[in-house]
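These notes concern the structure reproduced below.
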Amino acid sequence: MAIPSELKYTEEHEWVRMEGDIAVVGVTDHAQEELSDVVFVELPELERVVEEKEACAVVESVKAASDIYSPVSGTVVEVNNSLEEEPSNINEDPYGVGWLFKIRVAEADMEIVEGLLTADDYEEHLG
Amino acid sequence: MFCGIEVGDSCHDVLTSDVDREHSERQLRAMSELQHSPLDEIHREAGGRMVPFAGWEMPVMYDSILTEHRTVREGVGQFDISHMGQLFVEGEKAEEWLNHLLTNDVAALADGQGQYTFLLNEEGGVIDDLILYRITEGSYFLVVNAACLQEDLVWFAQHATEGVVLRDESPGLAGIAVQGPKSIDVFARVFGGRCLPSRNGIDVLTTDGQMVWVCRTGYTGEDGFEFFCPASSAERWWEDFAEAGAKPCGLGARDSLRLEKCYPLNGSDLSSQRTPLEAGLGFFVKLEKGPFIGSEVLQKQKETKPPEKLVAIQCDQKGAPPRPGYQVLGHDEEAIGSLSSGVLSPILGLGIGMAYLPLAHSQPGTEVFIEARGKKMPAKVVKKPFVA
Numbered sequence: 000m001a002i003p004s005e006l007k008y009t010e011e012h013e014w015v016r017m018e019g020d021i022a023v024v025g026v027t028d029h030a031q032e033e034l035s036d037v038v039f040v041e042l043p044e045l046e047r048v049v050e051e052k053e054a055c056a057v058v059e060s061v062k063a064a065s066d067i068y069s070p071v072s073g074t075v076v077e078v079n080n081s082l083e084e085e086p087s088n089i090n091e092d093p094y095g096v097g098w099l100f101k102i103r104v105a106e107a108d109m110e111i112v113e114g115l116l117t118a119d120d121y122e123e124h125l126g
Numbered sequence: 000m001f002c003g004i005e006v007g008d009s010c011h012d013v014l015t016s017d018v019d020r021e022h023s024e025r026q027l028r029a030m031s032e033l034q035h036s037p038l039d040e041i042h043r044e045a046g047g048r049m050v051p052f053a054g055w056e057m058p059v060m061y062d063s064i065l066t067e068h069r070t071v072r073e074g075v076g077q078f079d080i081s082h083m084g085q086l087f088v089e090g091e092k093a094e095e096w097l098n099h100l101l102t103n104d105v106a107a108l109a110d111g112q113g114q115y116t117f118l119l120n121e122e123g124g125v126i127d128d129l130i131l132y133r134i135t136e137g138s139y140f141l142v143v144n145a146a147c148l149q150e151d152l153v154w155f156a157q158h159a160t161e162g163v164v165l166r167d168e169s170p171g172l173a174g175i176a177v178q179g180p181k182s183i184d185v186f187a188r189v190f191g192g193r194c195l196p197s198r199n200g201i202d203v204l205t206t207d208g209q210m211v212w213v214c215r216t217g218y219t220g221e222d223g224f225e226f227f228c229p230a231s232s233a234e235r236w237w238e239d240f241a242e243a244g245a246k247p248c249g250l251g252a253r254d255s256l257r258l259e260k261c262y263p264l265n266g267s268d269l270s271s272q273r274t275p276l277e278a279g280l281g282f283f284v285k286l287e288k289g290p291f292i293g294s295e296v297l298q299k300q301k302e303t304k305p306p307e308k309l310v311a312i313q314c315d316q317k318g319a320p321p322r323p324g325y326q327v328l329g330h331d332e333e334a335i336g337s338l339s340s341g342v343l344s345p346i347l348g349l350g351i352g353m354a355y356l357p358l359a360h361s362q363p364g365t366e367v368f369i370e371a372r373g374k375k376m377p378a379k380v381v382k383k384p385f386v387a
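Line order of the protein sequences matches chains V and E. Numbering that gives the first Met the number 0 puts the first sequence at residues 0 to 126. Numbering that gives the first Met the number 0 puts the second sequence at residues 0 to 387.
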């Protein structure tokens, strides 16, 4: 199972890649494996202001719907609309084309990013 | 199969007087812990994701429900159905007794034939849906839902009569459902070119000194057979079927396969509060055969028409998969029912579900909405089944 070392993680199995002040968010390889076939994704509205740990997206597999929590606080600036047509991209490439949304993080909230799990922490969390 | 019935103390009391001690002990165990299939180890080794189901721990999937679903539609898969119950009813009055308890016409069965049928309460509500096979005169084989087994046994015991013996062989038997257009090949390969029994039929075979029951039925809408054997030989048969081409499939695919064909799931689409006529399954109710438990209610309902009917609903567009419990709204967005079953159809790529709706909304073509997390998805009542 892939856990790229350059990413940050949450205990709820989201990953974060920082591109300047933009946090790109997706679900981990472990999460997509647990979910199995993703068949529907509900993404947040653009410009929505989200708090850290706020439920802001839903990923649905054949058997269950799972809430996705924003790992950081900020404003939604982009969502991955291609998932509407190809939700299975989450299964095929969870760290690449299967990304979910991007959040602009204010300077003051950068410490939340610092507090996220490292790849090692996340691997340990998975046990 | 999702009966959702708890095995309570009252059941236990009735059973101890009528059924042997082993049953009550098994029941007690069932109350405290999940039962395990004789194929449990094989499932785990194959990466089966085990979930609680009807008091058992069973594989919901291996790698992918969607792939397993397509395998059964296009090729051949096998499901562990060891959780289901197997009962034998024997005696000179067996036919008469079963005909009094079940809705279909038992007398219509010749040796080696089977039929889908219902066990009803006095109000005409469904206790269980099951398949009844006539092995020979005065000798019947019943395959019942796992979650309903204890309630069925209680009901049968309450209606026990002279000249009929009922044996629950479920603890010693395993079940494997081989399903898909290539099932015939799997069977022929494992049984040296032998043919399957005819549709809905049963063959009782003896191999290596052990009896096995081969039934040409299933819960997927594809050709196939349900196979029952002693629990001790379950692994051997599973491996034989696998070698002959059957891919392991879990309960997740079993659910989406059956729903595409509008086969009801007891406890969801059927309940003790609903009659088979409301469920649109009057074909399996033979009122003309003479009185049986529940027949008076059904007779009346046939004349007056039930107020609600179980209908098939299909979403107009891609969207969130419908799930049991989601509200169904009429075209004025008024609540008219809720989904008893729902899934994304892997074949259609659209959400499908079933719901009991007022007759005024039950005609194919009626426009409705399915509400998912506050969003209204446009849908229509369609003719059953979803997938021909």
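Ideal Cβ positions, reconstructed from N, Cα and C, are used throughout, including at glycine.
| Asked | Found |
| --- | --- |
| For Glu106 (chain V), the nearest candidate out of V:His124, V:Tyr94 and V:Val71 (CA to CA) | V:Val71 |
| Own chain residues within Cβ distance below 6 Å of Trp98 (chain V), not counting five before or after | Val23, Gly25 and Asn79 |
| Close beta carbons around Arg166 (chain E), own chain, < 6 Å, minus the five adjacent residues each side | Phe87 |
| Short CB-CB distance (under 9 Å) between Ser63 (chain E) and chain V | yes |
| Same chain, Cβ closer than 7 Å to Leu328 (chain E), neighbours up to 5 away in sequence not counted | Ala334, Ile335, Val367, Phe368, Glu370 and Lys375 |
| Where Asp315 (chain E) falls: helix, strand or coil (DSSP) | coil |
| Straight-line Cα distance separating Asp222 (chain E) from Ser182 (chain E) | 7 Å |
| Residue interval of the beta strand (DSSP E) (run including Ala156 (chain E)) | Not the beta strand (DSSP E): Ala156 (chain E) falls in the alpha helix (DSSP H), residues Leu148 to Gln157. |
| Where Lys304 (chain E) falls, given that 16 or more other Cβ within 10 Å makes a residue buried | exposed |
| Nonlocal neighbours in the same chain, by C-beta distance under 8 Å from Val18 (chain E), ignoring five residues either side | At Val18 (chain E), the pLDDT of 40 sits below 50, so the modelled position is not reliable and the matter cannot be decided from this model. |
| With 16 other Cβ atoms within 10 Å as the buried cut-off, status of Pro345 (chain E) | buried |
| Interface flag, Pro320 (chain E) vs chain V, CB-CB below 9 Å | yes |
| Contact set for Leu82 (chain V): own chain, Cβ-Cβ below 8 Å, skip 5 residues either direction | Val40, Leu42, Asn88, Ile89, Gly97 and Leu99 |
| Min CB distance Phe39 (chain V) to chain E below 9 Å | yes |
| Chain-ordered chain E contacts of Glu123 (chain V) [CB-CB under 8 Å] | Here the premise fails: no neighbours, minimum Cβ distance about 23 Å. |
| Cβ pair count under 8 Å reaching 3, the segment 110-121 of chain V against the segment 8-21 of chain V | yes |
| Through-space distance from Gln300 (chain E) to Glu307 (chain E), alpha-carbon basis | 11 Å |
| Closest residue to Ala233 (chain E) among E:Pro37, E:Gly162 and E:Glu332 (Cα-Cα distance) | E:Pro37 |
| DSSP-derived helix/strand/coil call for Pro363 (chain E) | coil |
| Close Cβ partners of Lys62 (chain V) (< 7 Å) along its chain, the five nearest in sequence each way excluded | none |
| With 16 other Cβ atoms within 10 Å as the buried cut-off, status of Ala359 (chain E) | exposed |
| Chain E within 9 Å of Glu83 (chain V), Cβ atoms only | yes |
| Beta-bridge partners of Asn265 (chain E), as assigned by DSSP | E:Leu269 |
| CB contact below 9 Å: Lys7 (chain V) versus chain E | no |
| Exposure label - Thr27 (chain V); buried when at least 16 CB within 10 Å | buried |
| Cα-Cα separation between Ala107 (chain E) and Gly324 (chain E), rounded to whole angstroms | 38 Å |
| Same chain, Cβ closer than 6 Å to Leu338 (chain E), five either side skipped, listed in chain order | Pro321, Pro323, Tyr325, Gly352 and Ala354 |
| Closer than 9 Å to chain E by CB, Met0 (chain V) | no |
| Distance, Ser169 (chain E) Cα to Phe283 (chain E) Cα | 25 Å |
| 9 Å Cβ cutoff met for Val143 (chain E) and Phe227 (chain E) | no |
| Asp253 (chain E) classed as buried or exposed, judged by whether at least 16 other C-beta atoms fall within 10 angstroms | The identity of residue 253 (chain E) in the sequence shown is Arg, whereas the question assumes Asp. Buried, by the Cβ-count rule. |
| Under 9 Å between C-beta atoms of Ile201 (chain E) and Ile80 (chain E) | no |
| Separation of Tyr132 (chain E) from Gln114 (chain E), as counted between CA atoms | 7 Å |
| Beta-carbon neighbours of Val61 (chain V), restricted to chain E and to distances below 8 Å | Ile64, Leu65, Gly251, Ser255, Pro320, Val342, Leu343 and Pro345 |
| Pair within 9 Å by beta-carbon distance, Ser65 (chain V) and Glu51 (chain V) | no |
| Minimum Cβ-Cβ distance from Arg20 (chain E) to chain V less than 9 Å | With a pLDDT of only 45 at Arg20 (chain E), under the threshold of 50, the placement of this residue in the model should not be trusted; the figure read from the coordinates follows. Arg20 (chain E) does not count as touching chain V. |
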